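Enquirer: Just passing along the structure, written as structure tokens.
There are 4 protein chains.
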Amino acid sequence: MVFVLKPDATKEQIGNFILELEAEGFSTILSTGTEHTVVCLIGNTAKVDVDHIVQTNDIVEYGKRVTEPYKAVNRIVHPDNTVVSVGNVNIGEGYFTVIAGPCSVESREQILKIAESVQESGADILRGGVFKPRTSPYSFQGLQAEGLEMLLAAKQATGLPIITEIMNQTQIPLLEEVDIFQIGARNMQNFDLLKEVGKCKKPVLLKRGLANTIEELLMSAEYIMSEGNDQVILCERGIRTFEVMTRNTLDLSAIPLLKKKSHLPVIVDPSHAAGIRALVAPLSKAAMAVGADGLMIETHNNPSKALCDGAQSLDLKQFQELMVDLKRRAAFEGKKLSQHDLH
Amino acid sequence: MVFVLKPDATKEQIGNFILELEAEGFSTILSTGTEHTVVCLIGNTAKVDVDHIVQTNDIVEYGKRVTEPYKAVNRIVHPDNTVVSVGNVNIGEGYFTVIAGPCSVESREQILKIAESVQESGADILRGGVFKPRTSPYSFQGLQAEGLEMLLAAKQATGLPIITEIMNQTQIPLLEEVDIFQIGARNMQNFDLLKEVGKCKKPVLLKRGLANTIEELLMSAEYIMSEGNDQVILCERGIRTFEVMTRNTLDLSAIPLLKKKSHLPVIVDPSHAAGIRALVAPLSKAAMAVGADGLMIETHNNPSKALCDGAQSLDLKQFQELMVDLKRRAAFEGKKLSQHDLH
Amino acid sequence: MVFVLKPDATKEQIGNFILELEAEGFSTILSTGTEHTVVCLIGNTAKVDVDHIVQTNDIVEYGKRVTEPYKAVNRIVHPDNTVVSVGNVNIGEGYFTVIAGPCSVESREQILKIAESVQESGADILRGGVFKPRTSPYSFQGLQAEGLEMLLAAKQATGLPIITEIMNQTQIPLLEEVDIFQIGARNMQNFDLLKEVGKCKKPVLLKRGLANTIEELLMSAEYIMSEGNDQVILCERGIRTFEVMTRNTLDLSAIPLLKKKSHLPVIVDPSHAAGIRALVAPLSKAAMAVGADGLMIETHNNPSKALCDGAQSLDLKQFQELMVDLKRRAAFEGKKLSQHDLH
Amino acid sequence: MVFVLKPDATKEQIGNFILELEAEGFSTILSTGTEHTVVCLIGNTAKVDVDHIVQTNDIVEYGKRVTEPYKAVNRIVHPDNTVVSVGNVNIGEGYFTVIAGPCSVESREQILKIAESVQESGADILRGGVFKPRTSPYSFQGLQAEGLEMLLAAKQATGLPIITEIMNQTQIPLLEEVDIFQIGARNMQNFDLLKEVGKCKKPVLLKRGLANTIEELLMSAEYIMSEGNDQVILCERGIRTFEVMTRNTLDLSAIPLLKKKSHLPVIVDPSHAAGIRALVAPLSKAAMAVGADGLMIETHNNPSKALCDGAQSLDLKQFQELMVDLKRRAAFEGKKLSQHDLH
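Quick look at the structure:
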């Protein structure tokens, strides 16, 4: 249940209103927009009389029963687009943010070389896996703590914010200097992990699971937000279908639906979705046209020798060419690409 | 198995070469490109010695074993893009063709009004269902022969080529004045129907089945081409997945893959894929950006009263607005939209 | 909408009641059970007042609005199990019917040898494909008319009823002596074909499509029944999922659901579902335990040389061993296996 | 790569052989069967000459290159069925083990009442959720530590071994007195959790993920075994498909495949798969017939008031009736049901 408050409601009035609701056993989420403050009521509201509350509280403009199971991520609660900020980089409204880097950090030289190159091409954020979720226990599991140091060195050298995957809650302290936590597709419903990153103040990029619906993705984002962290980025990366020519089926319909249902920024990962290098460019263009807020693209200095996912990685030149095209397209769409060179 | 012939091979030489191959029990498909003539060998070629044939036939530049199970639709056999022509309208290379119209022809006034409006907005081809495949025998099955007359009247009034669905081979004579046969998703593997339309000289738009792979779509196109009809348009219209928020999941990755594997034009049907009006515009933009050759869009003068699929139909004004945007985008992509006003 | 009539309603009364309903623009389906006669009203019944009809018609015991979109196939309309009869063989209530034979009829000797062997092992019905729906136009398409003659010869020699696939409506006269029409998975929503076989008096075995829901299967059966043919057998044969180790995923949950929703007999095809010979026996046992009315099993005299689907065919000895086990199990379940030797 | 050793190989010889292999950079898994000892080589064995090793090591009977990516779970490495033991209960070879209990522990009285009832009906192991993975953060999350105490009290009162879900690795110490860790479907590829339970000596029941292949399930079991824990039970619980009438599609084909590929016991959870009470009994019978080693069934004293998953829970009487039927069936199959009353 959602209450939109009048523009002139004072902080004290709002506080009293919330206390009253919580006294009846509900939790509340407060959302302060540019024009309105919205109070969202959590709990079993079946017996609550919306009209009664509106009529007996002067500061309430109107109340509405929300049928969707997600509250904090719901655009009804928060009509403005959320903009997630990391350092000087903004993700959301007006920006088209490109995250680039290798599947795995492999060496100090490798990650530094890639970081400098993708920065020059216009990427805003550097990705690099150090803890790798692999189907087989015998596959390369990432360079782990050692890889993290290399990634942090690349951050320091270039000034690029970094994103890396967190695989369990005990890694939170270790990843303190990382700018964005990535929750992988296989952990989208690892609810304990969602709760713990929800208690952090760091942005979280949440990937859609291979067999998860759009509503389940929003519910997992709700887990993070309900713990207090409102810096969530949604990521579509392909779902599992019967089609065998691609690794997964990229569900681009999800982008306008997520943007409609929620205020959170949405980015697309064409590399993992397709698993084929030649599809990265066309799917990137389609993702921009369909309304995504950005891309996450696997980029490697030598894809044929990559320790993982080489077949879907662009080399540095291919990435640069794609970025040239995307800049032209971003201008056409009225969006800004590449924020880091503005500072 | 494919043989690329030398540019200076004479018709007589080519004819002799083919006769020789067919004498050994193979069928052949001859493809005359702008630069090269290609001869494609059909049948069990396991025991054929490619090198021997190349060495012993002067007119053969090189021979190649094709592993894909499709031959005639294969880009290796026919490197140039196929352009399908109906009247003055071209589908393929350089054009972005929009097919528009209602799910069902409902009355003479309705189809004429829609035809005139979509023509004015820039659509090149008019769609209108007269035989409707419906899940329930108790649902509206289309106006049938009566509807066909109305559709033909709209064709005559506007000059727009028309496309309608053929549901079984006995309808071929009845649909003689229709410009393009549409094979629906549920009939994609109705092999007997494919063979019969393959014997016609009329273009065929072949929709991907709800659970069919990209390779199976190409194999069904091969059925049509192997009977002698090379005017085939492929159509991606969404596949069935576990996602429930959309009617189907539009697989835009299929577009660049189909364009790479085959020379046939590929169009996208965002209306049936999504089943939601609000998704038609963003998915149309994405389809253009990903490389499709056109769109098929359900358009109705009064969607809320449509006899079928109203929830996914654009009204005439929404269609016009989309076309304005698509023209701007086609210019950006270097493609031509709306061919009919050139004549 | 369904009306259950009183046991003492006379034929004349029933006839008058039906005429009255049809006079208001509805179609009706009459179902005469062992205890009650049920009249099912087809059409848009939204404005019909059920209670009014019950109160004003003495012969009506009660009326009920049916929400499911299928009427004639609905168990509410026809509470008793339908038993489909072909010659001396019954499919349904109390019987567990095994259909066996090769994917394709390959020669007179082959089909006769297989027919005699499966008959001796206890199969009740002989299957044999003569028109084969194949993904590729270059694959073996069946022996067609010639194969049909061979199949009929095997029928005559053994007395076994025969089933074969019909691929389009023009084949109906040709298949006159066939005992059961098989509608393949790819034609489950070939609605024109369903209507035409619905006009015949011959039993129809309707296979579930690869991407079709249980409700859609029932709706396709409704197409057949709504044309007057109530001899329909449903067949679960696996659906398409992301799993790659089996050809399809056999959905055994569908059996008890179909038995609950409908009165039609349900059989299982484990051969096509799994595509692996070693799975045929365990899935056959599971199908019996879950409540199926029978099985359709691919059986071949020499699977390694079969012209199609050899990898999933049992050889004649494996089939015999399976039947020995199934007889023991049928006795345990209180069902009768192998009816042909009773006559 | 797998080496089967001669029966008379001494421990010292085996130790030396292993040291030799490990000196060349490989890991090894030693499996001591009733007749043979098998040494499994882990790592990139592409350059290893199998024949050379067989010829130069007297104790090696034969060597074989294993193409499957799983080693320790592979039946080739361990031809005998693994029997997992908890207290007096055996899961695997010759037994059909039923795990029963509520979705969630709700109170001391509830869990005790259910425990006593299912024990009397013949269940061998008590299930009860205390940490509940729920799609929504606002749904009941389980009684957590308090619920665990109640579950342990029920264990003490009845002597039944207990199983409960572990949601993250920090819960391992808390769950010390639990007899079997359950890894839920959503955590099947939570690789860090798999590794940590792999370091424990407690049996692990690993549920197949909603979109995971049979091979991926085996790879996740491999994660557990590769850390030293060989007490793994596999559990099929339905996969996500387009079918909407059931919660998930139970893939019973997976059972014979898992039994063929692996030596681990396999049980089936019909409650979560179907999500419909009426399907639990038929699917349980099918699971036994197809070769499963047991069942996990949700049972509740008052399903209509259950805090979660009431619609799929059997009440205590329904469970008892099912067990009576299953005992009769187990006898028919030559298996033992209900072990706890034998001791």
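Residue numbers (this note's numbering), protein chains in the order written: chain V, 1444 to 1786; chain F, 1444 to 1786; chain W, 1444 to 1786; chain Y, 1444 to 1786.
Backbone N, C-alpha and C fix where the C-beta goes; we use that ideal spot for every residue, glycine too.
The structure presented is a predicted model; accordingly, all values stated were derived computationally and were not measured.
So the candidates are V:1712, V:1503 and V:1654; which of them puts its Cα closest to the Cα of residue 1684 (chain Y)?
Expert: V:1654
Enquirer: Whole angstroms are fine: how far does the CA of residue 1618 (chain W) sit from the CA of residue 1547 (chain W)?
Expert: 16 Å
Enquirer: Can you find the residues in the same chain that come closer than 7 Å, C-beta to C-beta, to residue 1778 (chain Y), ignoring five residues on each side of it along the sequence?
Expert: 1537, 1538 and 1539
Enquirer: Do we get a CB-CB distance below 8 Å when we pair residue 1775 (chain Y) with the residues of chain W?
Expert: Residue 1775 (chain Y) counts as touching chain W.
Enquirer: Between residue 1718 (chain W) and residue 1749 (chain W), how many whole angstroms is the CB-CB distance? I'm expecting something under 8 Å.
Expert: 13 Å between Cβ atoms; not a contact.
Enquirer: I think residue 1615 (chain V) touches residue 1639 (chain V), with their Cβ atoms under 8 Å apart; what is that distance to the nearest whole Å?
Expert: 6 Å
Enquirer: Fully enclosed by the stretch 1572-1652 of chain F, which alpha helix (DSSP H) runs are 4 residues long or longer?
Expert: 1587-1601 and 1634-1641
Enquirer: Going by CA-CA distance only, name the one from F:1555, F:1633, F:1527 and F:1484 that's closest to residue 1600 (chain F).
Expert: F:1555
Enquirer: Look at residue 1561 (chain F) and residue 1594 (chain F) and say whether their C-beta atoms are less than 8 Å apart.
Expert: no
Enquirer: Between residue 1604 (chain W) and residue 1498 (chain W), what straight-line distance do the alpha-carbon atoms span, to the nearest angstrom?
Expert: Going by C-alpha positions, residue 1604 (chain W) is about 48 Å away from residue 1498 (chain W).
Enquirer: For residue 1456 (chain F) and residue 1622 (chain W), I'd like the C-alpha separation in whole angstroms.
Expert: 54 Å
Enquirer: Tell whether a beta-carbon distance below 8 Å holds between residue 1739 (chain Y) and residue 1773 (chain Y).
Expert: no
Enquirer: Looking at the unbroken alpha helix (DSSP H) that takes in residue 1789 (chain F), where does it start and where does it end?
Expert: Summary: the structure shown does not reach residue 1789 (chain F), with chain F confined to residues 1444 through 1786, and so no result is reported for it.
Enquirer: Would you kindly check if the distance between the Cβ of residue 1582 (chain Y) and the Cβ of residue 1763 (chain Y) is under 8 Å?
Expert: Taking 8 Å as the Cβ cut-off, residue 1763 (chain Y) and residue 1582 (chain Y) do not qualify as a contacting pair.
Enquirer: Taking the straight line between their C-alpha atoms, what separation do you get for residue 1714 (chain V) and residue 1713 (chain F)?
Expert: 23 Å
Enquirer: State the DSSP-derived secondary structure class of residue 1557 (chain V), mapped to helix, strand or coil.
Expert: helix
Enquirer: Just to confirm the assignment: which complete beta strand (DSSP E) runs, minimum length 3, are found wholly within the stretch 1494-1562 of chain W?
Expert: 1503-1507, 1527-1529, 1532-1534 and 1538-1544
Enquirer: Does DSSP classify residue 1469 (chain V) as helix, strand or coil?
Expert: coil
Enquirer: If we require 4 or more residues per run, which alpha helix (DSSP H) segments fall completely within the stretch 1698-1777 of chain F?
Expert: 1713-1717, 1720-1733 and 1759-1776
Enquirer: For residue 1686 (chain V), count the other beta carbons within 10 Å of its own beta carbon; 16 or more makes it buried, fewer makes it exposed. Which is it?
Expert: buried
Enquirer: In angstroms, rounded to a whole number, what distance separates the CA positions of residue 1786 (chain V) and residue 1602 (chain V)?
Expert: Because the pLDDT of residue 1786 (chain V) is 42, which lies under 50, any placement of that residue in the model is unreliable, and the number read from its coordinates should be weighed accordingly. Taking the straight line from one Cα to the other gives about 11 Å.
Enquirer: Can you tell me which of the three DSSP states residue 1779 (chain W) falls into?
Expert: strand
Enquirer: Relative to the C-alpha of residue 1519 (chain F), which residue among F:1701, F:1759 and F:1729 is closest?
Expert: F:1701
Enquirer: What would DSSP say about residue 1670 (chain V), mapped onto helix, strand or coil?
Expert: coil
Enquirer: Measuring only the C-alpha atoms, how far is residue 1650 (chain F) from residue 1651 (chain W)?
Expert: Their backbone Cα atoms lie some 20 Å apart in a straight line.
Enquirer: Please confirm if residue 1764 (chain V) has its CB atom under 8 Å from at least one CB of chain Y.
Expert: no
Enquirer: Measuring alpha carbon to alpha carbon, tell me which of Y:1524, Y:1510, Y:1758 and Y:1511 ends up nearest residue 1474 (chain Y).
Expert: Among Y:1524, Y:1510, Y:1758 and Y:1511, the Cα nearest to that of residue 1474 (chain Y) is on Y:1524.
Enquirer: I believe residue 1705 (chain W) touches residue 1516 (chain W) by the beta-carbon criterion, under 8 Å. Please report the beta-carbon distance rounded to the nearest angstrom.
Expert: 5 Å
Enquirer: What number of angstroms, rounded off, separates the C-alpha of residue 1671 (chain Y) from the C-alpha of residue 1642 (chain Y)?
Expert: 6 Å
Enquirer: Should residue 1769 (chain V) be labelled buried (16 or more other beta-carbon atoms within 10 Å of its own) or exposed?
Expert: buried
Enquirer: Count the other C-beta atoms from every protein chain shown that fall within 10 angstroms of the C-beta of residue 1476 (chain W), then say buried if there are 16 or more, exposed otherwise.
Expert: exposed
Enquirer: Taking the C-alpha atoms as reference points, what is the distance between residue 1611 (chain V) and residue 1663 (chain V)?
Expert: 16 Å
Enquirer: Which residues does DSSP pair with residue 1679 (chain Y) in a beta bridge?
Expert: Beta-bridge pairing links residue 1679 (chain Y) to Y:1711.
Enquirer: Does any residue of chain V bring its CB to less than 8 Å from the CB of residue 1504 (chain F)?
Expert: Contact with chain V is absent for residue 1504 (chain F), since none of that chain's Cβ atoms lies less than 8 Å from the residue's Cβ.
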